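So the working numbering is basically just the index in the sequence shown, starting at one, shifted up by 1.
Glycine residues also receive a C-beta, built at the ideal position from the N, C-alpha and C atoms.
None of the values given here were measured: they were computed from a predicted structure.
The block underneath contains the structure these notes are about, expressed in structure tokens.
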Amino acid sequence: MKKITKILLLSPIFLGMSSGLTSCGSNDVAEKFTLKIINSEDYIFIDEEDPSNNMTEQFKRYVVGLVDAGELDEKYRYVDVVYDTSDTNETLYSELQTGKSDYDLINVSDYMAQKMVSEGLVVPLLAEGETREEKLANYIQYASPTIRGRLDNITAPIYSKWEDDPEHPGEKVHPYVKLEDYAVGYMWGTLGILFNPEYSGFKDSPEIEKVIEDMHYSFSALSNPDYHRSISIKNSMRDTFAAGLMTAYEDDFISLKEKLDDGTIDVDTYMAEYTKVFNGENEESFDTVVNKVQNSLNIIKNNIFGLEVDSGKQDIVTGKIGVNLAWSGDAVYSMDQAEDGNLVGENQSTLYYCVPELGSNLWFDTWVMPKNDNRSEERRELALMFLDFMSDPYYASQNMDYTGYTSFIGGGDILELVRDWYDIRTDEIYEEVEVKQYNYEYYQVYAVHNDEVEENKDFFALDYPDFMKDSHRSECDDYLLYYFVPYSYIDKETGKKVDVEEPESVEDLLDEKHSHPVETEEEAHKKYGDLTIVDRDLEPEEVLDYDIVDLSYFFNGTLDDGDPTTEDYEDGVDTIFYSSSYYARTEDGEPYIFVDGEVEHLNNSVGRQFFTQYPDEDTITRCAVMKDFGENNKLVMKMWEEFKSDPLPTSSLVIFIVIIASGVGLGALIITNKLLVKRIRKKRKGKEQK
Numbered sequence: 002m003k004k005i006t007k008i009l010l011l012s013p014i015f016l017g018m019s020s021g022l023t024s025c026g027s028n029d030v031a032e033k034f035t036l037k038i039i040n041s042e043d044y045i046f047i048d049e050e051d052p053s054n055n056m057t058e059q060f061k062r063y064v065v066g067l068v069d070a071g072e073l074d075e076k077y078r079y080v081d082v083v084y085d086t087s088d089t090n091e092t093l094y095s096e097l098q099t100g101k102s103d104y105d106l107i108n109v110s111d112y113m114a115q116k117m118v119s120e121g122l123v124v125p126l127l128a129e130g131e132t133r134e135e136k137l138a139n140y141i142q143y144a145s146p147t148i149r150g151r152l153d154n155i156t157a158p159i160y161s162k163w164e165d166d167p168e169h170p171g172e173k174v175h176p177y178v179k180l181e182d183y184a185v186g187y188m189w190g191t192l193g194i195l196f197n198p199e200y201s202g203f204k205d206s207p208e209i210e211k212v213i214e215d216m217h218y219s220f221s222a223l224s225n226p227d228y229h230r231s232i233s234i235k236n237s238m239r240d241t242f243a244a245g246l247m248t249a250y251e252d253d254f255i256s257l258k259e260k261l262d263d264g265t266i267d268v269d270t271y272m273a274e275y276t277k278v279f280n281g282e283n284e285e286s287f288d289t290v291v292n293k294v295q296n297s298l299n300i301i302k303n304n305i306f307g308l309e310v311d312s313g314k315q316d317i318v319t320g321k322i323g324v325n326l327a328w329s330g331d332a333v334y335s336m337d338q339a340e341d342g343n344l345v346g347e348n349q350s351t352l353y354y355c356v357p358e359l360g361s362n363l364w365f366d367t368w369v370m371p372k373n374d375n376r377s378e379e380r381r382e383l384a385l386m387f388l389d390f391m392s393d394p395y396y397a398s399q400n401m402d403y404t405g406y407t408s409f410i411g412g413g414d415i416l417e418l419v420r421d422w423y424d425i426r427t428d429e430i431y432e433e434v435e436v437k438q439y440n441y442e443y444y445q446v447y448a449v450h451n452d453e454v455e456e457n458k459d460f461f462a463l464d465y466p467d468f469m470k471d472s473h474r475s476e477c478d479d480y481l482l483y484y485f486v487p488y489s490y491i492d493k494e495t496g497k498k499v500d501v502e503e504p505e506s507v508e509d510l511l512d513e514k515h516s517h518p519v520e521t522e523e524e525a526h527k528k529y530g531d532l533t534i535v536d537r538d539l540e541p542e543e544v545l546d547y548d549i550v551d552l553s554y555f556f557n558g559t560l561d562d563g564d565p566t567t568e569d570y571e572d573g574v575d576t577i578f579y580s581s582s583y584y585a586r587t588e589d590g591e592p593y594i595f596v597d598g599e600v601e602h603l604n605n606s607v608g609r610q611f612f613t614q615y616p617d618e619d620t621i622t623r624c625a626v627m628k629d630f631g632e633n634n635k636l637v638m639k640m641w642e643e644f645k646s647d648p649l650p651t652s653s654l655v656i657f658i659v660i661i662a663s664g665v666g667l668g669a670l671i672i673t674n675k676l677l678v679k680r681i682r683k684k685r686k687g688k689e690q691k
């Protein structure tokens with residue numbers, strides 16, 4: 002079990018001294034409230050260069066800003082945050098079972114949130130009479146209605162209560178509650194197949210087209226003997242169980258898909274029936290489900306290289322494996338690494354991620370509030386403030402940019418972040434020019450090689466000022482110059498958003514109130530977010546080899562918030578993206594055509610980073626949430642232990658011995674991995690390659 006990392010902002014000794022001083026000193030000394038949070042490691046924005054800008058520190062300034070604005074009681078002025086990290090959902094579950102946990106918020110996956118709700122380990126977020134619109138206004142405004150709706154409607158039985166079964170008079174059942182009362186979404190994604198179609202270890206060296214064709218349809222690809230001993234799967238009971246179930250009940254999923262395609266059933270019926278099969282509710286006995294899944298997993302086990310916990314995302318980059326059962330967030334990480342020549346040298350590769358056409362698992366990571374009879378009302382209020390703070394697109398975009406996972410939150414800041422990463426209309430085409438003027442302060446100048454581009458909210462265009470000599474112009478020949486002027490920024494002292502007026506002259510531009518001097522482009526990105534120019538007038542015929550990606554299902558309803566900086570966003574217009582590599586394409590740049598039975602159709606299940614982070618609406622429709630197994634957990638756990646009881650494949654042991662012999666220890670691997678993560682974060686603004 003990984004040791005939980007504790008980041009304690011106040012030591013127990015200091016706390017004791019503080020309480021003593023408070024009791025003996027002046028009555029003017031305010032009480033300090035401490036919010037206690039635990040999250041997965043590396044799963045929130047941390048500024049390695051300036052810890053005072055960490056997300057928890059920004060929250061403390063945010064609270065002070067609310068106090069200064071008169072929106073919050075003065076007693077909240079002095080707030081601390083204890084932020085801890087944990088390794089797994091199960092670790093947190095065990096800690097809550099002891100009854101000694103003192104956390105106000107914990108981050109767990111959807112199935113664990115269900116389990117904790119059912120067992121009374123967490124409590125509703127809101128008190129009687131409170132509404133989400135009042136207490137979680139940002140979450141209601143900005144969380145994607147589609148994704149939030151999928152989470153909200155997950156149900157959990159309350160094991161401590163019984164009620165009459167309406168379908169079977171005289172019998173008792175546990176009442177069900179929805180997660181909307183207990184959980185706020187944080188990140189979300191899919192389970193899929195990450196693969197390198199050019200992997201040298203595949204049998205008979207198949208063509209790229211064949212590998213993509215083999216992977217696209219179902220998880221039975223993990224049993225394909227052509228990929229023998231080149232596959233790793235998750236050492237995770239639920240995720241691997243999901244892949245085994247999709248394989249075991251493949252005929253059922255095929256039948257449902259055919260009925261949907263020919264119009265026999267509508268989408269709602271399809272999703273309901275799909276979810277039923279995906280959770281083993283189509284069988285009279287769950288024993289039958291477990292036995293069928295175990296048989297499928299045994300076939301997969303004989304074909305794989307081995308099980309992995311977190312190494313698969315790196316192993317596929319280094320060439321140890323060619324296929325990995327992966328979470329979408331890890332898949333993006335691997336894709337970024339694999340194509341970065343600075344990281345892998347000549348061993349660059351193009352990886353693809355598949356959410357099989359027959360469907361997969363849709364997962365959510367959520368914030369819930371553990372049961373704690375000693376929690377003060379002030380700490381509960383702070384927890385709700387933190388959730389609302391984290392749901393502001395400005396802060397959510399920092400978390401998403403840092404972790405690489407996909408936020409529940411939409412809104413303008415997230416939209417621009419995604420456009421900057423993936424829309425071909427926002428390629429980074431800036432050149433940097435430093436202008437020394439007035440007290441030797443440096444002002445950042447950006448140039449774009451397109452003198453037709455329109456001004457937008459992030460930039461203000463001016464004629465060349467007098468102090469711009471020819472020598473400066475020559476550094477960016479034929480470029481139109483722009484000075485960076487933020488529309489608004491967050492005051493670090495108060496945590497409040499400050500609007501900035503557009504400068505009307507060179508003097509105004511150089512006024513520190515309007516133009517904030519920065520030394521490097523990286524610093525500008527860190528302070529003010531993504532610097533992008535969006536040429537929204539680009540005609541489709543001007544774009545070669547592009548996919549038109551409609552993310553209306555995610556962003557619609559999150560953009561119209563009355564904020565003047567986002568008033569130009571329009572549902573169904575700004576939610577359309579142009580991507581050069583959303584779906585997988587042939588070497589000629591043409592879309593793949595798949596043949597399933599007698600039906601030919603364009604690829605909509607295999608893609609690159611953009612697809613991996615934001616699958617299209619059809620993909621979301623064919624994914625289901627796997628419920629907590631509840632009382633059937635013991636059956637699944639017994640099966641899982643039997644599955645893992647066999648020794649590792651010989652090939653795995655050989656490679657493991659080679660690794661040990663070469664002196665590559667676990668510590669070195671961890672250190673290397675952390676360095677690579679930092680490199681990926683700095684590179685994330687790079688565009689995809691076909």
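Would you say residue 139 and residue 402 are within 8 Å of each other, going by their C-beta atoms? no
How far does the beta strand (DSSP E) with residue 327 in it extend, from its first residue to its last? 324 to 328
Residues bridged to residue 602 [DSSP beta-bridge criterion]: 595
From residue 288 to residue 297, what distance separates their C-alpha atoms? 14 Å
Give the C-beta separation of residue 120 and residue 160 to the nearest angstrom, bearing in mind that I take them to be a contact with Cβ-Cβ under 8 Å. 6 Å
With DSSP collapsed to three states, give me the class of residue 481. Low local confidence applies: a pLDDT of 34 at residue 481 is under 50, so the model's placement there is unreliable, with the coordinate-based value given in what follows. Here residue 481 sits in strand by DSSP.
Distance CB(residue 421)-CB(residue 398) smaller than 8 Å: no
Going by alpha carbons, who is nearest to residue 633 out of 70, 116, 68? 116
For the segment 607 to 620 against the segment 94 to 103, do three or more pairs of beta-carbon atoms, one drawn from each stretch, fall closer than 8 Å, so that the two count as touching? no
Nearest-angstrom Cα distance between residue 367 and residue 146? 15 Å
Using 10 angstroms around the beta-carbon of residue 37, count the other beta-carbons present and answer buried if the total reaches 16, otherwise exposed. buried
Hey, residue 623 and residue 360 are a contact pair by Cβ (cut 8 Å); roughly how many whole angstroms apart? 4 Å
Assuming residue 279 and residue 308 make a contact with CB atoms under 8 Å, what is their CB distance in whole Å? The Cβ separation is near 22 Å, so there is no contact.
Compute the Euclidean distance between the alpha carbons of residue 600 and residue 179, then round it to the nearest angstrom. 39 Å
In this structure, does DSSP put residue 179 in helix, strand or coil? strand
Starting from the C-beta of residue 384, find all residues in its chain whose C-beta is less than 7 Å away, skip the five residues before and the five after it, and write them out in chain order. 36, 105, 106, 370
For residue 296, would you say it is in contact with chain D, using Cβ-to-Cβ distances shorter than 8 Å as the test? No chain D is part of this structure, which consists of one protein chain only.
Quick one, are the C-beta atoms of residue 224 and residue 300 less than 8 Å apart? yes
Is the Cβ-Cβ distance between residue 310 and residue 249 less than 8 Å? no
Excluding the 5 residues flanking residue 236 on each side, which residues of the same chain have their C-beta closer than 7 Å to its C-beta? 308, 309, 310
Mark residue 620 as exposed unless 16 or more other C-beta atoms lie within 10 angstroms of its C-beta, in which case mark it buried. buried
Excluding the 5 residues flanking residue 465 on each side, which residues of the same chain have their C-beta closer than 6 Å to its C-beta? Below a pLDDT of 50, predicted positions are generally treated as unreliable, and residue 465, at 33, falls in that range; no measurement from the model is reported.
Let's test the definition: count the other Cβ atoms within 10 Å of the Cβ of residue 93 and tell me whether it reaches 16, buried, or not, exposed. buried
Simplified DSSP assignment, three categories, for residue 348: helix
Taking the C-alpha atoms as reference points, what is the distance between residue 290 and residue 70? 58 Å
With a 10 Å radius around its C-beta and 16 neighbouring C-beta atoms as the bar for buried, classify residue 51 as buried or exposed. exposed
Any idea which residues DSSP pairs residue 165 with across the strands? 173
Please return the same chain residues whose Cβ sits closer than 6 Å to the Cβ of residue 227, not counting the five positions on each side in sequence. 204
Please identify the residue among 646, 587, 73 whose C-alpha is closest to the C-alpha of residue 351. 587
Between the C-alpha atoms of residue 188 and residue 409, what's the straight-line distance to the nearest angstrom? 5 Å
Taking the beta carbon of residue 574 as the centre, do at least 16 other beta carbons fall within 10 Å, making it buried, or is it exposed? exposed
Alpha-carbon spacing of residue 580 relative to residue 550, whole angstroms: 7 Å
Buried versus exposed, by CB contacts within 10 Å (16 or more), residue 74: exposed
Just verifying my parser: in three-state terms, what is the DSSP assignment at residue 628? coil
Three-way DSSP call (helix, strand, coil) for residue 145 in this model: coil
Can you check the segment 53 to 107 for any beta strand (DSSP E) of at least 3 residues that lies completely inside it and give the ranges in chain order? 80 to 87
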